[in-house]
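Residue numbers (my numbering): 770 to 956. Here's the structure, in structure tokens; my notes come after.
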């Protein structure tokens, strides 16, 4: 209902995130062990959590007469999930150890709330990709430039990704495997 700009943006998120999930997968597993257990396979809940709000906004946008405010919200939401996914998938590969966003202390790769310069750069790149996709796709579909979508995506992506790291640092769900290792997956 949101039009192909919305659909193509969702596809750009899923394709780029899936590709990064598979990028250096064995190295990520070695670096972060069971903390990075996702291993390139996103389960139904992760997919719904990442794309569900964007899809809901697309539906409401189509039903509500295409208000620009919903498209701006969509830019922020999709840039957030893209930025966060890219930060997770690439940040773990950083040659420098991550630091806890709340305290600055060093933590193991894959620890919730741990950030690296590489991860922050990946986050910015993911938000930028989504913003550029939206601006170009909107131009192709509607014949006008909606440059406001780019700063909405950049701001939304970075703020959302950092907020996710802050939540991960303060409210992590930590489980123990049979071998006693920590993981974020229910065992």
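Idealized CB from N, CA, C, for every residue including glycine. None of the values given here were measured: they were computed from a predicted structure.
Option in the options with minimal Cα separation from residue i
i           : options            : result
residue 840 : 888, 871, 919, 874 : 919
residue 924 : 863, 820, 850, 859 : 850
residue 752 : 856, 913, 871, 908 : As shown, the chain starts at 770 and ends at 956. That puts residue 752 outside it, with no answer to give.
residue 819 : 948, 907, 852, 773 : 852
residue 783 : 898, 910, 949, 937 : 898
residue 867 : 884, 945, 787      : 884
Per-residue burial, residue i [other beta carbons within 10 Å of its own, 16 or more giving buried]
i           : result
residue 843 : buried
residue 808 : In this prediction, residue 808 has a pLDDT of 46, which is less than 50 and means its spatial position is unreliable; what the coordinates show is noted afterwards. Residue 808 comes out exposed.
residue 870 : buried
residue 916 : exposed
residue 882 : buried
residue 949 : exposed
residue 836 : exposed
Three-state class that DSSP yields for residue i in the structure shown
i           : result
residue 926 : helix
residue 876 : coil
residue 913 : coil
residue 863 : coil
residue 807 : Note that residue 807 scores a pLDDT of 49, beneath 50, so its modelled location is shaky; the value from the coordinates is reported in the next line. In the structure shown, residue 807 sits in coil (DSSP, three-state: anything other than H, G, I, E or B).
residue 931 : helix
residue 940 : coil
residue 833 : coil
Which residues DSSP lists as bridging residue i, in chain order
i           : result
residue 884 : 868
Endpoints, the alpha helix (DSSP H) within which residue i is located
i           : result
residue 787 : 773-791
residue 858 : 837-860
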